[in-house]
Amino acid sequence: DVYKRQVYGITSALFSALPLLAAVPGLLIIGWFVRGADSIGTAAAGALAAVPLATVSWLVAYALLTVIIVRLLGFGMREGYHPVRSRIGWQAWATERVMDAARTLLFPLYSSLLTPVWLRALGARVGSNVEASTVLLVPTMTTVGDGAFLADDTMVASYELTGGWLHISPARIGKRAFLGNSGMAAPGRTVPKNGLVAVLSAAPLKAKKGSSWLGSPPVQLRRAADSADQSRTFAPPTRLKVARGAVEACRIIPTMCTAAIGVGVLLTLDVIAERISFVVAGALSGLVLLAAGAVAGGAATVAKWALVGRTRVTEYPLWSPFVWRNEVVDTFVEMVAAPWFANAASGTAVLNFWLRTLGAQIGRGVWCETYWLPEADLITLGDGATVNRGCVLQTHLFHDRILRMDTVELAAGATLGPHGIALPAASIGAGATVGPASLVMRGEAVPPGSRWIGNPIAPWTMP
């Protein structure tokens, strides 16, 4: 057992080194660009000029490493119940660790035309015309049918743990099925053809074609699918595919920006060390990183207003320029603002200030531990409101491949518990509390001073 535990620890250490290994080609490119530089200024110009090519090389190298590792881990993996500390248990665990890191570090590949290609390269069986966001899956156990939609942070065929055993089994997403944000299709489960599993919900054991499900455990939901122009949802013409591809190619720019900020930090510290001392450079490194965070947050704000402007209560089909530009803005947030600023600023007044620059209406004394405010203009947080870690103020939904946006409001003193989600048009009244891992339904109004918990929420009675 000690040996097996050590294997997990060693694997974690090796995986943490993958981004550094992938950076080797990029560092060589930067070194080639700055060769022969006779001053810091010349070296800085060369390093910044190398950033675009170095960034592309890092993305390609990390993607190749991910594909190779996931493919190798898939050999000999079979469904069933296996001891956690077994070869197959280790394979399943390691696969999810690599996949989870990839959807953060390779974020530009997700929610794009390249995502189905990427998932196929990893070993998943993915049909045509599939839309997939930051899905976490075990590729060898995953089948996605034609025209399916996998929303943000979905989980497909992810392993289950119980009593020291690990369970893996194939999971299937049917044709034109929809798996909502943070939705789960556990081992052995299926989202039926034309079916829907809602936000933060689990796929049922059995389900009929076209059925919709909500909650965990899931209950059947009455829902009528909306009709829309097929050329803007499921069957776009070639010109729209080309236009979308051109916009999505711009999603590499935020990655280049974050690399440029990193180069800027290193050059600044190098100048301080050369002109003063290494001790002073170390002492001032915190201030340099604070400045880098300000630049990163500012870049995301500028991108938001330049690309989408002020968002309003409305709707857009999937194949429309607003949706594509909005994904570019989201990439600026996730690849630039989050690593350099938002993650470290969680729960601070500085984060509140930045969210206001994105358009959010935030009162005094607000405690906000999340930057997941997709359309910040549509969010109101009253004085003294609390939004805990891991929460999502989900101002949009993507059912039937139509982006529908609406407001989300927390009145004065309201609380949304850790990892809670509030859907569009939801409101939490003054002084009300919604417990952890809870779902406030679309259009739901939580009464002032009340307490609620669950998925979906129900009255929370204390013992």
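Residue numbers 154 to 616, in this note's numbering, belong to the letters of the sequence shown in order.
Glycine residues also receive a C-beta, built at the ideal position from the N, C-alpha and C atoms.
Note that the structure is predicted; figures quoted are calculated from it, not measured.
Around the beta-carbon of Gln244, 16 or more other beta-carbon atoms lie within 10 Å, marking it buried. Taking all protein chains in view, the Cβ of Glu249 is crowded by 16 or more other Cβ atoms within 10 Å, so the residue is classified as buried.
Take the alpha-carbon of Ile221 and the one of Leu275: they are about 8 angstroms apart. For Leu442, the enclosing alpha helix (DSSP H) covers residues 431-460.
Between the stretch 439-453 and the stretch 411-424, the count of Cβ pairs shorter than 8 angstroms is three or higher; the stretches touch.
About 22 angstroms separates the beta carbons of Val283 and Ala254, which is beyond the 8 angstroms limit, so they are not a contact pair. Annotation for Val561: the continuous beta strand (DSSP E) segment containing it runs 561-563.
In chain order, Val279 place their CB closer than 7 angstroms to the CB of Arg273, counting only its own chain and leaving out the 5 sequence neighbours on each side.
Straight-line spacing of the CA atoms in Ala330 and Thr257 works out to 25 angstroms. Pairing Gly327 with Gly341 gives a Cβ-Cβ distance that is not under 8 angstroms. Residue Gly607 holds the alpha-carbon nearest to the alpha-carbon of Ser354 among Trp613, Gly607, Met615. Rounded to the nearest angstrom, the Cβ distance from His572 to Pro589 is 6 angstroms, consistent with a contact under 8 angstroms. Note that the stretch 552-567 touches the stretch 524-532; at least 3 beta-carbon pairs, one per stretch, sit closer than 8 angstroms. The DSSP-derived three-state label of Arg542 is coil. Just so you know, the alpha carbons of Cys544 and Ala196 end up roughly 43 angstroms apart. Secondary structure in the stretch 348-412: the alpha helix (DSSP H) runs of 4 residues or longer, each lying completely within the stretch, are 391-402 in chain order. With contact defined as three or more Cβ pairs closer than 8 angstroms, the stretch 377-388 and the stretch 532-548 are not in contact. In this structure, the straight-line span from the alpha carbon of Thr614 to that of Leu592 is close to 17 angstroms.
Each residue's CA atom was taken as its position, placing Val455 and Ile406 some 13 angstroms apart. In this structure the stretch 212-231 touches the stretch 283-294; the number of beta carbon pairs closer than 8 angstroms is three or more.
With respect to the C-alpha of Pro492, the residue from Ala453, Gly512, Phe506 having the closest C-alpha is Ala453. Between the alpha carbons of Leu419 and Thr287 lies a distance of about 31 angstroms. In the three-state reduction of the DSSP assignment, Tyr234 falls in the strand class, which pools E and B.
Positions of the beta strand (DSSP E) runs, each at least 3 residues long and wholly inside the stretch 241-310, are given as 295-297 in order along the chain.
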